[in-house]
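Student: Attaching a single structure in structure tokens format; questions to follow.
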Amino acid sequence: MVDAAAMSRSASFDDVASVESSVEGDSLDDSLASSFYGRFERGVKGMQKVFRWPLLVVVFAIITCELILYFTLRLCISVWETVSNLADGKRGKLLNALDNAESYEEWRRNAMALDVACDHDFYKTIDRSPFYDYKTVKSITNKLAAACNTLASGEPSKASMDKLEQLLCRAYNANAAGLGVDNERLYAETFSGTKLALQRYYDVSVEATDKYVAAKNVPLTQKLDFVRRAKASYGRTALCLSSGGSMAYYHFGVAKALLECQLLPTIICGSSGGALVAAIIGCRTDEEVQSILTPDFCTLLTPCCESWKTLINRYLRTGRVFHEKLWRDMLRPLVFKDMTFLEAYQKTGRILNITCTSENKWGAPIILNYITAPNVVIWCAVLASSGIPPLLPAITLLAKNRDGKLEHFMDFGKCWSDGALKNDIPARQLAEQFNVNFLVVSQVNPHIVPFVYECRGSSGRPIMRTGGSSLRGGFFSSAAEAFLKLEMRKWLRMISELDLMPMLFSQDWSVLFLQKHWGNVTIYPSRGWGVFRDIVTCVSDPDRQRMEHYLRQGEQATYPKISMVSNHLVLEQTLNNAEKLLLESQKASS
0 MVDAAAMSRS
10 ASFDDVASVE
20 SSVEGDSLDD
30 SLASSFYGRF
40 ERGVKGMQKV
50 FRWPLLVVVF
60 AIITCELILY
70 FTLRLCISVW
80 ETVSNLADGK
90 RGKLLNALDN
100 AESYEEWRRN
110 AMALDVACDH
120 DFYKTIDRSP
130 FYDYKTVKSI
140 TNKLAAACNT
150 LASGEPSKAS
160 MDKLEQLLCR
170 AYNANAAGLG
180 VDNERLYAET
190 FSGTKLALQR
200 YYDVSVEATD
210 KYVAAKNVPL
220 TQKLDFVRRA
230 KASYGRTALC
240 LSSGGSMAYY
250 HFGVAKALLE
260 CQLLPTIICG
270 SSGGALVAAI
280 IGCRTDEEVQ
290 SILTPDFCTL
300 LTPCCESWKT
310 LINRYLRTGR
320 VFHEKLWRDM
330 LRPLVFKDMT
340 FLEAYQKTGR
350 ILNITCTSEN
360 KWGAPIILNY
370 ITAPNVVIWC
380 AVLASSGIPP
390 LLPAITLLAK
400 NRDGKLEHFM
410 DFGKCWSDGA
420 LKNDIPARQL
430 AEQFNVNFLV
440 VSQVNPHIVP
450 FVYECRGSSG
460 RPIMRTGGSS
470 LRGGFFSSAA
480 EAFLKLEMRK
490 WLRMISELDL
500 MPMLFSQDWS
510 VLFLQKHWGN
520 VTIYPSRGWG
530 VFRDIVTCVS
540 DPDRQRMEHY
550 LRQGEQATYP
560 KISMVSNHLV
570 LEQTLNNAEK
580 LLLESQKASS
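Numbered per numbering that gives the first Met the number 0, the sequence shown finishes at 589, counting up by one with no gaps.
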């Protein structure tokens, strides 16, 4: 719960009603005829006007043929992999146990057994790799270990502490130095862990940092200055939750797995459906988040509770499927009524970010957080980010004034809609505002997940090699998959560059497929052919069984990524803990 002062400033339902006209808009202007016909882009002239539609028909015909070929190829590869795993009884049994693990510890035990069965353990013992600077990593590790041994043997000299500080600066500036320790390929050859030399590098860096911070012969101000410089150099981690309708509920399972392993990043960002999940997590403490991540939580997630008949009638009458008042009434209790971004940050320490897109074609997307929009109410930001036409209309953002009343944000009444349309994963904005350089992305978009292939494997998901090939399904299958996927992307790029796609509901939908949808670590909770079942139910409320499925699949998809996320975050968390400890010491001594 928010504190009494914050709750006393919360606007009443009357306050919300007073600005409801800005949220609901004009039904007449949003009629079906207006939204469907009146919002196509106008002004097409000359040869473009003559050849636009014929060219679109030809392009979409080509894309359709390539889609059929693509999914036929994927089906053949899937069948071949299934047969290969069944042929190897022991390996198939371990894979099945891995996919049905109830906890991370159980998953890890099965993963280690699978590494032994597949001879992946040998990979861990070899230091050499083209994917990181193993010589420099070993050199830094050995020097840090020697410095730690010197500290353990007696009172260190100032010169030895200065040398340790210089070594730690190199460790925390690993990516800038080009060491490549965050290369996902280093984690893609085994089910659990990575090379022992790289793991030792992280372990020794943490040990050396703790000993440096605990040293008594280094001035407190010097240690604090070092920690702050190291934090700025190392950067920060953010969890980005994609859009995806009801498929976004998979994000709850991802967050649950990260939280149980104490790896949930402080910075959380969401778009559309991901904005709802990010908001629910971002305004709660760890204990509160753990208490709600159960299958019974589905009873509070009811944005699609109306019948299909009601939805169709509303769309024919107003040009929108859902009534934003129902969504608002569902959202407010989930985010402590009219809690703002600043209030959420002050309560939890989490940095909640929600993306929104301007309702016009050329407007830039924005990212809302406690810095850019401290007084914007969270429920309104989520509603704006979820406003994908024609399901929900674009709305104006609302903010609390000094009296706790709601008013238009920035006073100009601009309307905002679905953040995923132009900026599903706002990597640049997060880097600029919070020094984020490591993204953990949970991706469930129905137009992205079916095309995820990972021909070389990914962290915790190595290729089960058949016929000696290092590529999934063999060289020719991987080459054909890449060719077809790039071909389809090429045509979509041409549509966007030539402005062939007409404006439908005031948006250019071609850019939806051309964004960057991945991060340093990308988690795909909805995998395989089950994604098509998820697409069918992506605009519906989950029952208890579906919610349990979302949580379990989200957790199981996260387990393979834990090793890589843990190794990166452990240094960031070590610096955060060191800064907190030093500030407490500084406060106690003053």
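Glycine is no exception: its CB is placed at the ideal position from the N, C-alpha and C atoms.
Of all the alpha helix (DSSP H) runs that stay within the bounds of the stretch 524–566, which reach a length of 4 or more residues?
Tutor: Within the stretch 524–566, the complete alpha helix (DSSP H) runs of at least 4 residues are 529–535 and 543–557.
Student: Does the stretch 429–448 come close enough to the stretch 470–480 that 3 or more CB-CB pairs lie under 8 Å?
Tutor: Taking 8 Å as the limit for Cβ pairs, the verdict is that the stretch 429–448 does not touch the stretch 470–480.
Student: From the DSSP output, in three-state form, read off arginine 617 for me.
Tutor: Here the chain comprises residues numbered 0 to 589, so residue 617 is not present and cannot be evaluated.
Student: Suppose contacts are defined by Cβ-Cβ distances below 8 Å. Is valine 136 in contact with tyrosine 200 by that definition?
Tutor: Cβ atoms of valine 136 and tyrosine 200: closer than 8 Å.
Student: Taking only the alpha-carbon atoms, compute the straight-line gap between leucine 72 and alanine 96 and give it to the nearest angstrom.
Tutor: Distance between the alpha carbons of leucine 72 and alanine 96: 27 Å.
Student: Pull up the distance between the alpha-carbon of phenylalanine 335 and that of aspartate 540, whole angstroms please.
Tutor: C-alpha separation (whole angstroms): 21 Å.
Student: Contact between the stretch 385–394 and the stretch 315–325 is defined here as three or more beta-carbon pairs at a separation below 8 Å; is this criterion met?
Tutor: Taking 8 Å as the limit for Cβ pairs, the verdict is that the stretch 315–325 does touch the stretch 385–394.
Student: Nearest CA to the CA of glutamine 442: which residue from Gly518, Pro461, Ile311 and Arg460?
Tutor: The option with the nearest alpha carbon to glutamine 442 is Gly518.
Student: Which residue from Glu305, Gln432 and Ile424 puts its Cα closest to that of isoleucine 350?
Tutor: Cα-wise, what sits closest to isoleucine 350 is Gln432.
Student: Alpha carbon to alpha carbon, what distance is there between leucine 262 and lysine 222?
Tutor: Taking the straight line from one Cα to the other gives about 25 Å.
Student: Please list the segments of the alpha helix (DSSP H) lying wholly inside the stretch 229–273, counting only runs of 4 or more residues, in order along the chain.
Tutor: Counting whole runs of 4 or more residues, the stretch 229–273 contains the alpha helix (DSSP H) stretches 249–259.
Student: Of all the options Asn352, Leu143 and Trp378, which has the alpha carbon lying nearest to the alpha carbon of isoleucine 366?
Tutor: With distances taken between Cα atoms, isoleucine 366 lies closest to Asn352.
Student: Quick one: using the 10 Å Cβ neighbour count with 16 as the cut-off for buried, is asparagine 216 buried or exposed?
Tutor: Answer is exposed; the Cβ neighbour count stays below 16.
Student: Leaving out five residues on either side along the sequence, give the residues of the same chain with a beta carbon under 6 Å from the beta carbon of alanine 256.
Tutor: Around alanine 256: Glu554 and Thr557.
Student: Measuring straight from C-alpha to C-alpha, what distance separates glutamate 80 and isoleucine 62?
Tutor: One C-alpha to the other measures close to 27 Å.
Student: Output needed for arginine 543: all residues of its chain with C-beta closer than 7 Å, excluding positions within five of it in sequence on either side, in chain order.
Tutor: The residues are Pro294, Asp295 and Cys297.
Student: For a quick check, are the C-beta atoms of glycine 272 and alanine 247 less than 8 Å apart?
Tutor: Yes, the pair counts as a contact, with Cβ atoms nearer than the cut-off.
Student: By DSSP's criteria, asparagine 352 is part of a beta bridge. Which residues make up the other side?
Tutor: Its beta-bridge partners are Cys268.
Student: Once DSSP output is grouped into helix, strand and coil, what is the label at glutamate 406?
Tutor: Here glutamate 406 sits in strand by DSSP.
Student: Can you look up alanine 393 in the DSSP assignment and give me helix, strand or coil?
Tutor: Alanine 393: coil per DSSP, three-state reduction.
Student: Just tell me which of Glu164, Glu183 and His119 has its CA closest to the CA of serine 457.
Tutor: Closest by alpha carbon: Glu183.
Student: At the 8 Å Cβ level, is leucine 223 part of the contact set with chain D, yes or no?
Tutor: Note that chain D does not occur in the displayed structure, where there is just one protein chain.
Student: Does DSSP put valine 226 in a helix, a strand or coil?
Tutor: It is helical.
Student: Report all residues from its chain with a CB closer than 6 Å to the CB of glutamate 206; omit the five preceding and five following residues, and keep chain order.
Tutor: Answer for glutamate 206: Cys147, listed in chain order.
Student: What does the alpha-carbon distance come out to for the pair methionine 487 and leucine 499?
Tutor: Cα-Cα distance, rounded: 15 Å.
Student: Say whether the stretch 563–580 touches the stretch 229–240, bearing in mind that this needs 3 or more beta-carbon pairs closer than 8 Å, one atom from each stretch.
Tutor: Cβ pair count under 8 Å is three or more, so yes.
Student: Looking only at its own chain, which residues have a Cβ that is under 8 Å from the Cβ of valine 203, when we skip the five neighbours before and after it?
Tutor: Hits under 8 Å: Thr140, Leu143, Ala144 and Cys147.
Student: If leucine 590 and phenylalanine 251 are in contact, beta carbons under 8 Å, what's the gap, nearest whole angstrom?
Tutor: The requested residue 590 does not occur in the structure, where the chain is confined to residues 0 to 589.
Student: So does isoleucine 394 have its beta carbon nearer than 7 Å to some heavy atom of the ligand FAD?
Tutor: The ligand FAD is absent from the structure shown, which contains no ligand whatsoever.
Student: Along the alpha helix (DSSP H) that carries asparagine 148, what are the first and last residues, could you check?
Tutor: 133–152 is the extent of the alpha helix (DSSP H) around asparagine 148.
Student: So what's serine 21 in DSSP terms, helix, strand or just coil?
Tutor: Model confidence at serine 21 stands at a pLDDT of 46, short of 50, so the residue's coordinates are unreliable; what they give is reported in the following sentence. The answer is helix: DSSP assigns serine 21 an H, G or I state.
Student: Got a sec? Which residues, its chain only, sit under 6 Å from isoleucine 76 by beta carbon, not counting five neighbours each side?
Tutor: Excluding positions up to five away in sequence, the list reads Gly472 and Ser476.
Student: Can you give me the C-alpha to C-alpha distance between leucine 68 and aspartate 209, rounded to a whole angstrom?
Tutor: Between leucine 68 and aspartate 209, the C-alpha separation is close to 56 Å.
Student: When we look at the beta-carbon of serine 138 and count the other beta-carbons within 10 Å, is it buried (16 or more) or exposed?
Tutor: Exposed is the call here.
Student: What does the Cβ neighbour count give for asparagine 312, buried or exposed, with the cut at 16 atoms within 10 Å?
Tutor: By the neighbour-count rule (16 or more Cβ atoms within 10 Å), asparagine 312 is not buried but exposed.
Student: Histidine 446 to glutamine 428, Cα distance in whole Å?
Tutor: Whole-angstrom Cα-Cα distance: 24 Å.
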